[in-house]
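Undergrad: According to the UniProt record's numbering, the residues represented by the sequence shown are 16 to 247, in order.
Note that beta-carbon positions come from the ideal geometry of N, C-alpha and C, so glycine has one too.
It should be emphasised that the depicted structure is a prediction, and the values quoted were computed from it without experimental measurement.
Sharing a structure, written as structure tokens. Questions coming.
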Amino acid sequence: AVAARAIDLYKIYGSGDSEVRALDGVTLDIGAGEFTAIMGPSGSGKSTLMHCLAALDTPTSGDVQIGETRLSRLRDKALTTLRREQVGFVFQAFNLVPTLSARENILLPLSLAGSKPDQAWFDTVVDSVGLRDRLGHRPSQMSGGQQQRVACARALVSKPSIVFADEPTGNLDSTSSAEVLAFLRRSVDEFGQTIVMVTHDAVAASYCDRVVFLADGRVVDEIRDPDRDQIL
Ligand code: ADP
Ligand code: ADP
């Protein structure tokens, strides 16, 4: 099954001599229950592609499909609902609320949506990510790796159909990175989570099922079940 699909996506900035094709005809299927890495040089269109797939940005032409839904058919309100109910995000800078505890941060997407947490699912996620004894801590009382694991739990707590991670290990040392990546991998293997991760790091990409390479706004290569040496 396909969790998300980019259909002949173009994102064009400016015009004439100053035209920039951030996306220059990208067609890509993201398999359900797969962990996909997007790699490529700076400026190759990784962020733009992820933002379009996540319904945070609108392509100049082409379309994005999340599950069975074509985003071009949705009005703003329906897009907001889709983002809230079906998409989870993990950012490089964690983006936790400093005044809230880990527990409150994890539950924030549900609180904002006015939904009731599924306690069993909350416990499953918290245990899987190894945060049971940190739930009362604020972000400033936690290491970077712990904060990013809180952010991962927050991304999963609303059972999104797809999680987008933008350089999730970019601010972490190798030990913390490994913990975060191991959790993301486990969430794919044990919960069937679909994850798309932008990364510069070959070690991070080696945790994925598939690596898609962008250059100049196009998909130029793809590897399945990569090992580190293939990516470097
Ligand atoms: P990456 O994430 O791979 O570094 P981006 O998706 O951020 O690449 O950018 C792709 C190209 O689009 C780059 O040339 C970038 O400068 C350009 N770009 C991105 N956003 C804008 C914007 N808002 N206005 C103009 N150009 C942009
Ligand atoms: P990232 O590190 O995630 O690739 P960037 O630093 O490339 O992010 O871009 C940060 C923000 O600036 C994004 O919202 C992007 O769309 C915008 N941006 C990137 N390049 C340009 C550009 N040439 N002109 C205007 N905005 C840009």
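According to DSSP, what are the bridge partners of K26?
TA: Indexing the sequence shown from 1 puts residue 26 at position 11. According to DSSP, which records beta bridges pairwise, K26 is partnered with L38.
Undergrad: Report yes or no: do the region 136 to 152 and the region 68 to 85 share at least 3 C-beta pairs separated by less than 8 Å?
TA: no
Undergrad: Starting from M54 and walking both ways along the alpha helix (DSSP H), at which residues does that stretch end?
TA: Here residue 54 refers to the residue found at position 39 of the sequence shown. Here M54 belongs to no alpha helix (DSSP H); instead the beta strand (DSSP E) covers F50 to M54.
Undergrad: Using the rule of at least 16 other Cβ atoms within 10 Å of the residue's Cβ for burial, across every protein chain shown, is R169 buried or exposed?
TA: Stepping through the sequence shown from its first residue, residue 169 is reached at position 154. Buried, by the Cβ-count rule.
Undergrad: Could you name the residues of the same chain whose beta carbon sits closer than 7 Å to that of K26, not counting the 5 residues immediately before and after it, in chain order?
TA: Your numbering for residue 26 matches position 11 in the sequence shown. Cβ within range, chain order: A37, L38, T63, C67, P74 and T75.
Undergrad: Hey, I53 and V227: beta-carbon distance below 8 Å or not?
TA: In the sequence shown, residue 53 corresponds to position 38, counting from 1. In the sequence shown, residue 227 corresponds to position 212, counting from 1. Taking 8 Å as the Cβ cut-off, I53 and V227 qualify as a contacting pair.
Undergrad: What are the boundary residues of the alpha helix (DSSP H) that R200 is part of?
TA: Counting from one through the sequence shown, the residue named residue 200 turns up at place 185. From DSSP, the alpha helix (DSSP H) with R200 extends over S189 to F206.
Undergrad: So, using beta-carbon positions, are L111 and A166 closer together than 8 Å?
TA: The count along the sequence shown starts at 1 and reaches residue 111 at position 96. The count along the sequence shown starts at 1 and reaches residue 166 at position 151. Yes, the pair counts as a contact, with Cβ atoms nearer than the cut-off.
Undergrad: Looking at V35 and ligand 1, is the gap between the Cβ and the nearest heavy atom below 7 Å?
TA: Your numbering for residue 35 matches position 20 in the sequence shown. V35 Cβ: within cutoff of ligand 1.
Undergrad: Using a Cβ distance threshold of 8 Å, determine whether the region 146 to 164 contacts the region 112 to 120, with at least three qualifying pairs required.
TA: yes
Undergrad: Looking at ligand 1, does it come within less than 7 Å of I62, judged from the CB to the closest heavy atom?
TA: Numbered from 1 along the sequence shown, position 47 holds the residue referred to as residue 62. Position check: residue 62 holds Ser in this sequence, whereas Ile was assumed. It does: the Cβ of S62 is within 7 Å (strictly closer) of some heavy atom of ligand 1.
Undergrad: Taking V218 as part of the beta strand (DSSP E), name the residues at either end of that continuous run.
TA: Here residue 218 refers to the residue found at position 203 of the sequence shown. Taken as a continuous stretch (DSSP letters only), V218 belongs to no beta strand (DSSP E), being part of the alpha helix (DSSP H) at A217 to A220.
Undergrad: Using the three-state DSSP reduction, which class does A69 fall into: helix, strand or coil?
TA: In the sequence shown, counting from the first residue as 1, residue 69 sits at position 54. Here A69 sits in coil by DSSP.
Undergrad: Among the candidates L97, F106 and T84, whose CA atom is the shortest distance from the CA of A180?
TA: By 1-based counting over the sequence shown, the position of residue 180 is 165. The shortest Cα separation from A180 among L97, F106 and T84 belongs to F106.
Undergrad: Leaving aside the five residues before and after F50 along the sequence, list all residues of the same chain whose C-beta is less than 6 Å from its C-beta, in chain order.
TA: Stepping through the sequence shown from its first residue, residue 50 is reached at position 35. Cβ neighbours of F50 within its own chain (closer than 6 Å, five residues either side excluded): V203, I210, C223 and D224.
Undergrad: Does any heavy atom of ligand 1 sit closer than 7 Å to the C-beta of G58?
TA: Mapped onto the sequence shown, residue 58 falls at position 43. Answer for G58: yes, Cβ within range of ligand 1.
Undergrad: With C-beta atoms as the reference, is A18 less than 8 Å away from G82?
TA: The residue you call residue 18 lines up with position 3 of the sequence shown. The residue you call residue 82 lines up with position 67 of the sequence shown. Going by C-beta atoms, A18 is nearer than 8 Å to G82.
Undergrad: Going by DSSP, which residues form a beta bridge with E237?
TA: Within the sequence shown, numbered from 1, the residue matching residue 237 stands at position 222. DSSP, once it has assigned bridges, lists V227 as partnering E237.
Undergrad: Since Q163 contacts F109 with CB under 8 Å, what's their CB separation in whole angstroms?
TA: In the sequence shown, residue 163 corresponds to position 148, counting from 1. In the sequence shown, residue 109 corresponds to position 94, counting from 1. Yes, they are in contact, since the Cβ atoms of Q163 and F109 sit about 6 Å apart, within 8 Å.
Undergrad: Measuring only the C-alpha atoms, how far is P183 from G31?
TA: Against the sequence shown, residue 183 aligns to sequence position 168. Against the sequence shown, residue 31 aligns to sequence position 16. Looking at the two C-alpha atoms, the distance is approximately 36 Å.
Undergrad: Enumerate in chain order the residues of its own chain whose CB-to-CB distance from A16 is below 6 Å, with the five nearest sequence positions on each side excluded.
TA: By one-based count along the sequence shown, residue 16 stands at place 1. Counting only Cβ-Cβ distances below 6 Å, and skipping sequence neighbours, we find A47.
Undergrad: Tell me, to the nearest whole angstrom, how far the beta carbon of A219 is from that of S192; I am working on the premise that it is less than 8 Å.
TA: What you label residue 219 is simply residue 204 of the sequence shown in a count that begins at 1. What you label residue 192 is simply residue 177 of the sequence shown in a count that begins at 1. Going by Cβ atoms, the distance from A219 to S192 rounds to 7 Å, so yes, they are a contact pair.
Undergrad: Would you give the residue range spanned by the beta strand (DSSP E) that V79 belongs to?
TA: As a first step, residue 79 is located in the sequence shown; it is residue number 64 there, counting from the start. In this chain, the beta strand (DSSP E) harbouring V79 covers S76 to I81.
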